[in-house]
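Asker: Once you've had a glance at the structure underneath, I'll fire off some questions.
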Amino acid sequence: MPSVSNIAAQTLQRRILDGQYPAGSALPGQRDLSESLGISRASLREAISMLEALGMLRSQPGKGVFITSGSRIEAADLPAGPNAMPPDAIFQMRFVIEPASAGLAARRRSDDELAALRECMREMQRALDSSDLVTAADCDLRFHLALAELSGNPALAAITHQFQAQLAYSLRLPFADRSHIWQPADEHDTILAAIAAGDADAAREAMQQHLISAAGRVGITFIHP
């Protein structure tokens, strides 16, 4: 079931796409907005943080939160991540963990698990077709969490879930570049094809390339271990 903050992010996204909040305008004050949505200000702030990472909103200290036109975020302007963890550190951590999960998943995949991953990808593609970036990013997260579970390694799965908030944040960032919103889905297809073929080396390499490309879409570079 979607969280309260996720539902609020969906509502705000819909209002932006419908033109109720046009590009360049400011969101209503958080007190009024939280009351109108029937949620706490903490949940509202989390929803706003989601949309900031997706490039739909931008906070200006002392001025408010403004709707953007959906242009790429430069690395120097990235909103703060969970626990103020630097985005390049998150991608570097993922580069250590996720290729291993993908390689292991290729060795122990089952038809049912592959079917679930493919359905997740179809849902992501439907969301992208309708410009629903909140749902697309959520599907992206589910795909990566599922691979961690599919690895069969409880330590890798536990680490991935422990840093789920940081993972979710880093997955949203590339969607801010509207000219490449389909690229994550295309890269997932490559990873999934390698896993389905049982090719562990190809799965690891596809995940590595996915992470390098995703970071590059927001101007992030990191040292590859």
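Quick note, the sequence shown lines up with residues 18 to 242 if you use the numbering used here.
Beta carbons: idealized from backbone N, C-alpha and C, even for Gly.
1) Is it buried or exposed, A132, if we count other Cβ atoms within 10 angstroms and call 16 or more buried?
2) Which residue marks the beginning of the beta strand (DSSP E) containing L74, and which one marks its end?
3) Return the CA-CA distance between D35 and A43, expressed in angstroms with no decimal places.
4) For E229, which three-state DSSP category applies?
5) Mapping DSSP to helix, strand and coil, what is F239?
6) Which term fits Q183, buried or exposed, when burial requires 16 or more other beta carbons within 10 angstroms of its beta carbon?
7) Using CA atoms only, rank isn't needed, just tell me which of L164, P191, I240 is closest to M73.
8) Please go through the same chain and pick out, in chain order, the residues whose beta-carbon is closer than 8 Å to the beta-carbon of R111, but skip the five residues on each side of it.
9) Would P116 and R189 be called neighbours here (beta carbons separated by less than 7 Å)?
10) Tell me the residue span of the beta strand (DSSP E) that contains P56.
11) Quick one, which of R124, S20, S147, Y38 has its alpha-carbon nearest A217's?
12) To the nearest angstrom, report how far apart S118 and S148 are at their CA atoms.
13) Can you tell me the Cβ-Cβ gap for D194 and R234, rounded? I've got them flagged as a contact below 8 Å.
14) For the alpha helix (DSSP H) that I198 lies in, which residues bound it at each end?
15) If we count the other Cβ atoms within 10 Å of its Cβ and call it buried at 16 or more, is M247 buried or exposed?
16) Taking the alpha carbon of E63 as the reference point, which residue from P39, Q27, R159 has its own alpha carbon closest?
17) What number of angstroms, rounded off, separates the C-alpha of S168 from the C-alpha of E52?
18) Among the candidates N100, L173, T152, L54, whose CA atom is the shortest distance from the CA of V113?
19) Taking Cβ positions, are R31 and Y38 nearer each other than 7 Å?
20) I'd like the list of long-range same chain contacts for A211, defined as Cβ closer than 7 Å, with 5 residues on each side in sequence excluded.
21) Have a look at P45, D105, A25 and flag the residue whose alpha-carbon is nearest the alpha-carbon of L61.
Answerer: If we stick to the structure as given:
1) exposed
2) 74-77
3) 15 Å
4) Strictly speaking, residue 229 in this sequence is Ile, with Glu absent from that position. Of the three classes helix, strand and coil, the one that applies to I229 here is helix, per DSSP.
5) coil
6) buried
7) P191
8) L184, S187, L228
9) no
10) Here residue 56 turns out to be Ile, not Pro, going by the sequence shown. Run containing I56: none; DSSP gives neither H nor E here.
11) R124
12) 29 Å
13) 5 Å
14) First-last for I198: undefined, no H or E at that position.
15) Given that the chain is displayed from residue 18 to residue 242, the structure contains no residue 247 and the question cannot be resolved.
16) Q27
17) 43 Å
18) L173
19) no
20) A123, A219, A220, A223
21) A25
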